[in-house]
Amino acid sequence: MADKPRIKLPKEAAKGEVIQIKTLVSHVMESGQRKDAQGKTIPRKIINKFACEFNGKPVFSCVLEPAISANPYIQFDAKVDEAGTFKFSWTDDDGTVIAAEEKIALKA
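Numbering-wise (the numbering used here), the sequence shown opens with residue 1 and increments by one.
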């Protein structure tokens, strides 16, 4: 369905630092309102939920609507108090989940 999501965040951060996280996932985000060449409605198929957690704790989540463009880009900030793993998930209308992980270390 989709290519591997692109995620950009620092490889390390100071304890207590607020970092910026950028994500982009390849997806058609079909709204269900367009018609094909034969005049038939193209079925809706969108990513409707995004979530990020760090070491098992929620960091950021949002609900996406049909008005979101193809290949949704999401940017947010997170405070890092310890080394660990960010887990990202994008959930499609049909229940398909695209998942990715990125680790971050603490600066010495």
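Beta carbons are placed, not taken as given, at the ideal position from N, Cα and C, and that holds for glycine. Predicted, not measured: the structure shown is a model, and the values here were computed from it.
Query, Result
"Is the beta carbon of S61 less than 8 Å from the beta carbon of M29?", "no"
"Can you name the start and end residues of the beta strand (DSSP E) that V28 belongs to?", "Per DSSP, V28 belongs to no beta strand (DSSP E) and is neither H nor E."
"Pull up the distance between the alpha-carbon of Q38 and that of R6, whole angstroms please.", "35 Å"
"So is M1 buried or exposed if we call it buried at 16+ other beta carbons inside 10 Å?", "In this prediction, M1 has a pLDDT of 47, which is less than 50 and means its spatial position is unreliable; nothing more can be read from the coordinates."
"Rounded to the nearest angstrom, what separates D3 and G16 at their Cα positions?", "33 Å"
"Straight-line CA distance for I98 to A14?", "29 Å"
"For G84, write down the residues that DSSP places opposite it in a beta bridge.", "I104"
"Excluding the 5 residues flanking H27 on each side, which residues of the same chain have their C-beta closer than 7 Å to its C-beta?", "A2, I47, A70, N71 and P72"
"Would you tell me roughly how many angstroms separate the C-alpha atoms of L9 and L64, rounded to the nearest one?", "22 Å"
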